């Protein structure tokens, strides 16, 4: 059984269930399920799921069909649908960009609160890296 990258687990909490799934079904059978679960999960930074930002709609899951909660196709012609979809996607992208910039500024302020700067004086020893090959 392989190990997951720690940064991946931090960014995608649903990957924490991956080793449990792997023991039961095997790796090849479960990877697509984990990826689909990730794509359908709302991202904290954008406020939207990657599936919605890619396709402009919520995913239709088997459980939706089972309970009859799946939305039916809207009435109207193709041109009207494209206009509605384009407007909805513009709004979604604008909100996602706004939410991502808010999350980035919150992360920056959190980082700046913890970082400590060192004042260098003439004669202090510093480590210098060279960009030239030896």
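Numbering (the working numbering), first residue to last: 145 to 278.
From the three backbone atoms N, C-alpha and C, an ideal C-beta is built for every residue, glycine too.
Nothing here was measured: the structure is a model prediction, and the numbers come from that model.
Residue-chain proximity (residue i, chain C), Cβ-Cβ < 9 Å
i: residue 240; result: Considering every chain present, this structure includes no chain C. It has just one protein chain.
Residue i - containing alpha helix (DSSP H), residue span
i: residue 265; result: Taken as a continuous stretch (DSSP letters only), residue 265 belongs to no alpha helix (DSSP H), as it is neither H nor E.
7 Å Cβ shell around residue i - same chain, five flanking residues per side excluded
i: residue 202; result: 196
Check whether residue i and residue j have beta carbons under 9 Å apart
i: residue 200; j: residue 233; result: yes
i: residue 244; j: residue 189; result: yes
i: residue 174; j: residue 185; result: no
Own chain residues within Cβ distance below 6 Å of residue i, not counting five before or after
i: residue 262; result: none
Between the CA atoms of residue j and residue i - distance to the nearest angstrom
i: residue 253; j: residue 247; result: 10 Å
i: residue 146; j: residue 211; result: Legend: pLDDT at residue 146 = 48, less than 50; position of this residue unreliable, value from coordinates given subsequently. One C-alpha to the other measures close to 37 Å.
i: residue 242; j: residue 259; result: 26 Å
i: residue 230; j: residue 236; result: 10 Å
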